Amino acid sequence: MATPADSSSRHSRPWHHHPHVRSGSELTLGERAADRLRNGMGSWPFVFGALVFLGIWMAGNSNRGFDKYPFILLNLLLSCLAAMQGAILLIAAKRSDQVASELAQHDYDQDRRSEHMLERLSTEFALLREQNADLQRQMTAVMAALNPASTAEVAGGQSAGPGEA
Numbered sequence: 001m002a003t004p005a006d007s008s009s010r011h012s013r014p015w016h017h018h019p020h021v022r023s024g025s026e027l028t029l030g031e032r033a034a035d036r037l038r039n040g041m042g043s044w045p046f047v048f049g050a051l052v053f054l055g056i057w058m059a060g061n062s063n064r065g066f067d068k069y070p071f072i073l074l075n076l077l078l079s080c081l082a083a084m085q086g087a088i089l090l091i092a093a094k095r096s097d098q099v100a101s102e103l104a105q106h107d108y109d110q111d112r113r114s115e116h117m118l119e120r121l122s123t124e125f126a127l128l129r130e131q132n133a134d135l136q137r138q139m140t141a142v143m144a145a146l147n148p149a150s151t152a153e154v155a156g157g158q159s160a161g162p163g164e165a
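Numbers 1 to 165, taken from UniProt numbering, label the letters of the sequence shown in order.
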């Protein structure tokens with residue numbers, strides 16, 4: 001039996017697998033890199049780390065720092081990061097679209113299988129209904145042959161009890 005601690009730890013882990021979405025060793029190196037970079041750059045630790053880095057850079061470079069022209073090197077670094085980050089985010093978005101496409105294909109395949117199953121069950125149900133109607137007609141014919149008076153009452157909606165016929 002799962003305890004509350006088990007269920008909370010199960011939900012705190014990130015979702016990695018879906019039976020019909022490629023993952024792990026099935027992914028190419030580029031796809032794995034895109035997933036890792038998206039998860040890294042799109043997180044609060046990255047934002048806080050960037051703020052700490054900027055704070056340290058500004059504090060270290062404010063009075064006679066290592067950059068001859070204040071913050072020119074930082075500006076260059078941030079511009080390069082922004083250029084790379086834009087490309088990385090586009091790659092990650094493309095990967096997310098691919099995962100969504102695989103999930104949509106799985107849903108479509110499941111819907112088609114369900115539709116075929118429902119059609120088959122509907123056909124079988126119609127056949128069973130037809131067979132049931134045939135059996136009722138045969139039963140009525142047999143009852144009419146055995147006792148014509150009680151069959152007329154049953155067919156008319158009246159049930160003949162014992163001794164009422």
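We put the beta carbon where it would ideally sit given N, CA and C, even for glycine.
Keep in mind that this is a model prediction, so the values were computed, not measured.
Note to self: At the level of alpha carbons, what is the spacing between I72 and E102?
What the structure shows: Position 72 of the sequence shown, counted from the first residue, corresponds to residue 72. Position 102 of the sequence shown, counted from the first residue, corresponds to residue 102. The straight-line gap from Cα to Cα measures roughly 45 Å.
Next item on the list: Report yes if the CB atom of G40 is closer than 7 Å to the CB atom of F46, and no otherwise.
Entry: What you label residue 40 is simply residue 40 of the sequence shown in a count that begins at 1. What you label residue 46 is simply residue 46 of the sequence shown in a count that begins at 1. Yes. Within cutoff.
Next item on the list: In angstroms with no decimal places, state the Cα-to-Cα distance between D35 and F66.
Entry: Taking the first residue of the sequence shown as 1, we reach residue 35 at position 35. Taking the first residue of the sequence shown as 1, we reach residue 66 at position 66. Straight-line Cα distance between these residues: approximately 36 Å.
Item checked: Alpha-carbon spacing of P148 relative to T123, whole angstroms -> Indexing the sequence shown from 1 puts residue 148 at position 148. Indexing the sequence shown from 1 puts residue 123 at position 123. So the two alpha carbons sit approximately 36 Å from each other.
Item checked: Contact belief for W57 with L76 at Cβ below 8 Å, rounded distance in angstroms -> The sequence position of residue 57 within the sequence shown is 57, counting from 1. The sequence position of residue 76 within the sequence shown is 76, counting from 1. Not confirmed; about 12 Å, so no contact.
Note to self: I need the DSSP call for R71, collapsed to helix, strand or coil.
What the structure shows: Reading the sequence shown from its first residue, position 71 is the one you call residue 71. Rather than Arg, the amino acid found at residue 71 in this sequence is Phe. Three-state DSSP puts F71 in coil, outside helix and strand.
Check: For M84, which of N132, R38, M139, F53 has the nearest alpha-carbon?
Finding: Mapped onto the sequence shown, residue 84 falls at position 84. Closest by alpha carbon: R38.
Check: If we ignore side chains and look at the alpha-carbon of each, how far apart do M143 and E115 end up?
Finding: As a position in the sequence shown, residue 143 is number 143, starting the count at 1. As a position in the sequence shown, residue 115 is number 115, starting the count at 1. Their backbone Cα atoms lie some 42 Å apart in a straight line.
Notebook entry, point to check: Between residue 170 and P70, what straight-line distance do the alpha-carbon atoms span, to the nearest angstrom?
Noted result: Beyond the ends of the chain as shown, which are 1 and 165, falls residue 170; an answer cannot be given.
Note to self: Rounding to the nearest angstrom, what Cα-Cα distance links A126 and S43 in this structure?
What the structure shows: The residue labelled residue 126 in the question sits at position 126 within the sequence shown. The residue labelled residue 43 in the question sits at position 43 within the sequence shown. Cα-Cα distance, rounded: 56 Å.
Next item on the list: Determine the burial state of A59: buried for a count of at least 16 other Cβ atoms within 10 Å of its Cβ, exposed for fewer.
Entry: For the purposes of this step, residue 59 is taken as the residue at position 59 of the sequence shown. When all chains shown are included, A59 counts as exposed.
Next item on the list: Assign R113 to buried or exposed, taking buried as 16 or more other Cβ atoms, counted over all protein chains shown, within 10 Å of its Cβ.
Entry: Here residue 113 is taken as the residue at index 113 of the sequence shown, counted from 1. The residue in question, R113, is exposed, as its Cβ has fewer than 16 Cβ neighbours within 10 Å.
Check: Taking the C-alpha atoms as reference points, what is the distance between L90 and G30?
Finding: Here residue 90 refers to the residue found at position 90 when the sequence shown is read from its first residue. Here residue 30 refers to the residue found at position 30 when the sequence shown is read from its first residue. Using only the alpha carbons, I get a separation of about 13 Å.
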